[in-house]
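FYI, the numbering for the sequence shown is 2 to 361, going by my numbering. Here the structure is laid out as structure tokens; the discussion comes afterwards.
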Amino acid sequence: MYNRIFNFSAGPSMLPVPVLEKAQAEMMNYEGSGMRVMEMSHRSPVYDAIIKGAEAAMRRVMNIPDNYRVLFLQGGASLQFAMIPMNLMKTGKADYIVTGQFSGKAYEEAQKYGQANLAATTKAENFTRIPRQEELKLDPEADYVHICFNNTIFGTKWDYIPDTGNVPLVADLSSCIASEPIDVTKFGVIYAGAQKNIAPAGLTIVIIRDDLIRTDLPAYVPTMCNYSIMAKNESMYNTPPCYPIYMCKLVFEWIESLGGLEVMAEMNRKKADLLYQCLEESKIFKNPNSPESRSMMNVTFRAEDDAVNAKFAKESAAAGFANLKGHRSVGGMRASIYNAMPYEGVEALVKFIKEFEQGL
Ligand SMILES: *Cc1c(COP(=O)(O)O)cnc(C)c1O
């Protein structure tokens, strides 16, 4: 009906059709206000209900306890690479576990603000797995431990939540937030750019435990990068990304209408299993990652022969499977199958892979 193709982009990525339809239906006159959501004052009562509704839906779906604040920020997950150390480094020491490109960037950025220690990395193995608990060289005196929970580029995911003792765990969940239930209480801070699973680009979600919001930050910290100011002003110190927040509300309400994160996880598991099974059986394409570390959201695969990879990228795109070419730093292919990717999309991709292989 909409000529919608299957878009496997790593982000920005597909949004659920029912959400887009609701946004369309509400587009020209939001709840009888005579205004469009993207036109209204962020200080108006009608918008206040939207941002409060987004937070409430997120709290219900993710089971976020009362002692955590939800912040709607800008600057992408990448700004959090700086905001985390600016706000959380007290003694000036933090542990970083590097499992891919984004955790590497976070580690580099933190070095501008203090002593970021490399507590573990699987770089020598080309990031094909997540380190085990016993490999983590954690400093009990560190201010926090930083991880990236799902590695968007390499297609790996933590299959356990590391035990960091009394040291708060900070996690980048950009590419797996709301894809399955997660115990928020195990984390000090969770952050995510919205453009993978939650909303259009422009919104960053931060879920932070109360006691980690400090009011005694160094003077150099920009006002806009200060969690306590953002929390005190309920994410409205300045103009928030109004429309993405509205879309975030619709997306969490959609997840809730399906039955919540257990159901979402089951749907995602089915999609990922189907694709990994196909790669298991393939004689040409392989997923390089350790089975226990495989991502449910980003599935990478490649043929040994780069000419075959190039041919697949070209022919799959022509057949209506968009954005399957892997990240430029990794090569091969990557299928990002976030919440909004329907099962039929993965089914069609699997069929295409099999036919491609037969045609070689
Ligand atoms: C996409 C992504 C980022 C970068 O997000 P921006 O919002 O573009 O800054 C960081 N971390 C992870 C895990 C990502 O998937």
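Just so you know, even glycine gets a beta-carbon here, dropped at the ideal spot from N, CA and C. Bear in mind the structure is a predicted one, so any value in this text is a computation, not a measurement.
Query                                                                                                                                          : Result
Let me know if THR123 comes out buried or exposed under the rule of 16 or more other beta-carbons within 10 Å of its beta-carbon.              : buried
Let me confirm a value: GLU254 is counted as buried when at least 16 other C-beta atoms fall within 10 Å, else exposed. Which label applies?   : buried
By the DSSP assignment, the beta strand (DSSP E) with SER79 in it spans what residues?                                                         : That residue, SER79, is in no beta strand (DSSP E); its alpha helix (DSSP H) goes 77-89.
Ends of the alpha helix (DSSP H) at ILE98?                                                                                                     : Where ILE98 is concerned, there is no enclosing alpha helix (DSSP H), although the beta strand (DSSP E) it sits in stretches over 94-99.
Can the beta-carbon of LYS158 be found less than 8 Å from the beta-carbon of TYR339?                                                           : no
For LEU119, does the three-state DSSP call read helix, strand or coil?                                                                         : strand
Does the separation of the CB atoms of LEU72 and ALA318 fall below 8 Å?                                                                        : no
Mind checking which residues open and close the alpha helix (DSSP H) that includes ILE354?                                                     : 344-360
Count the other CB atoms within 10 Å of the CB of THR301; is the residue buried (16 or more) or exposed (fewer)?                               : buried
For a quick check, are the C-beta atoms of ALA117 and TYR108 less than 8 Å apart?                                                              : yes
Run through DSSP, which three-state label would VAL71 get?                                                                                     : strand
Taking 7 Å as the cut-off, is the C-beta of PHE9 nearer than that to any heavy atom in ligand 1?                                               : no
What does DSSP give as the partner residue(s) for MET334 in the beta ladder?                                                                   : PHE302, LYS326
What distance in whole Å lies between the Cβ atoms of THR205 and GLY54, which are believed to be in contact at a cut-off of 8 Å?               : Not a contact, Cβ separation roughly 19 Å.
Less than 8 Å between the beta carbons of ILE191 and ALA179, yes or no?                                                                        : no
In the DSSP output, which residue or residues are listed as bridge partners for ASP184?                                                        : The partner list for ASP184 (beta bridge, DSSP) is empty, contrary to what the question assumes.
Quick check on DSSP: helix, strand or coil for ASP140?                                                                                         : coil
Could you check whether the Cβ of SER14 sits closer than 7 Å to any heavy atom belonging to ligand 1?                                          : no
Count Cβ pairs between the stretch 131-145 and the stretch 277-288 that sit closer than 8 Å; are there 3 or more?                              : no
When the Cα atoms are used, what is the spatial distance from PRO223 to ALA308?                                                                : 49 Å
By how many angstroms is the C-alpha of LEU350 removed from the C-alpha of ALA83?                                                              : 38 Å
I want to check one thing, is the minimum distance from the CB of ASP410 to the heavy atoms of ligand 1 below 7 Å?                             : Residue 410 cannot be examined here, being either before or after the span of the chain that is shown, 2 to 361.
Could you check whether the Cβ of SER176 sits closer than 7 Å to any heavy atom belonging to ligand 1?                                         : yes
Can you tell me whether ASP96 is buried or exposed, with buried defined as 16 or more other CB within 10 angstroms of its CB?                  : buried
Note down, one range per segment and in chain order, each alpha helix (DSSP H) of at least 4 residues found wholly within the stretch 209-288. : 228-233, 243-259, 262-282
How long is the line joining the alpha carbons of SER296 and GLY35, rounded to whole angstroms?                                                : 44 Å
Give a yes or no on whether the C-beta atoms belonging to GLY333 and GLY327 are separated by under 8 Å.                                        : yes
Is ASN310 near ligand 1, judged by its Cβ being under 7 Å from some heavy atom?                                                                : no
Can you tell me the Cα-Cα spacing of PRO86 and VAL38, whole angstroms?                                                                         : 34 Å
Note down the Cα distance separating ILE162 from ALA57, rounded to an integer number of angstroms.                                             : 25 Å
Cβ atoms of ASN290 and ARG335: under 8 Å apart, would you say?                                                                                 : no
Could you check if GLY77 belongs to the surroundings of ligand 1, using beta carbon to heavy atom distance under 7 Å?                          : yes
Leaving out five residues before and five after THR153 in sequence, what residues of the same chain have Cβ atoms less than 6 Å from its Cβ?   : ALA11, SER176, ASN299
Thinking C-beta only, is GLU358 closer than 8 Å to LYS271?                                                                                     : no
Can you tell me whether VAL47 is helix, strand or coil according to DSSP?                                                                      : helix
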